[in-house]
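The working numbering numbers the first residue of the sequence shown as 310 and each following residue consecutively.
Read through the structure below, which is laid out as structure tokens, and then see the notes.
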Amino acid sequence: MAEEKGLKKALNDLNEAVKDLSSLHVQTFSGEVGITIDSDKGYKSIKEQIEKSKADGKLDLVAETLAQFDGDSYNFVKKDLDDIPTITLEVHKNAVKAGIETRIGLLGLFKSLLVK
310 MAEEKGLKKA
320 LNDLNEAVKD
330 LSSLHVQTFS
340 GEVGITIDSD
350 KGYKSIKEQI
360 EKSKADGKLD
370 LVAETLAQFD
380 GDSYNFVKKD
390 LDDIPTITLE
400 VHKNAVKAGI
410 ETRIGLLGLF
420 KSLLVK
């Protein structure tokens, strides 16, 4: 019975991972965030503090990209590009590129595990 629950959980986890691989969502913000990293929470702590800063209006969305597995995409860039430091757009572009490369690598890994 425990093995069945473990297998079911593993399949559910795999299903969630595949869903996460099917799209790429990158948001780049500009503004001020005072972050205290909680070593027990790690990345989750940073993400929570960024979400709070967004809600408090301390961050401005500068660029956003949503790319779907089927090739559809949504892109947003802040209206006044003169207010955006060049490095900010480079960071966004590199994050999108890294996300795509990571997904390609993971899909290749899954393929090699499934096709033998």
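Don't be surprised by glycine CBs; every beta carbon is placed ideally from N, CA and C.
Cut-off 8 Å between Cβ atoms - residues of its own chain near residue i, not counting five sequence neighbours on either side
i	result
ASN403	none
GLY340	SER362, LYS367, LEU368, ASP369
VAL371	THR337, PHE338, SER339, VAL386, LYS387, ILE393, THR397, LEU398, HIS401
SER331	GLN377, PHE378
GLU357	LYS350
Coarse secondary structure for residue i, derived from DSSP in three states
i	result
THR258	The question about residue 258 has no answer here: the residues shown for the chain are numbered 310 through 425.
ASP369	strand
VAL386	strand
SER331	coil
GLY351	coil
GLY380	coil
Residues near residue i in its chain [Cβ-Cβ closer than 6 Å; skip 5 each side]
i	result
ASP347	SER354
THR374	VAL335, ASN384, VAL405
Residue i vs residue j beta-carbon contact at 8 Å
i	j	result
VAL335	HIS401	yes
LEU333	VAL405	yes
Own chain partners of residue i with C-beta closer than 7 Å, once the 5 adjacent residues on each side are dropped
i	result
GLY408	LEU333, VAL335
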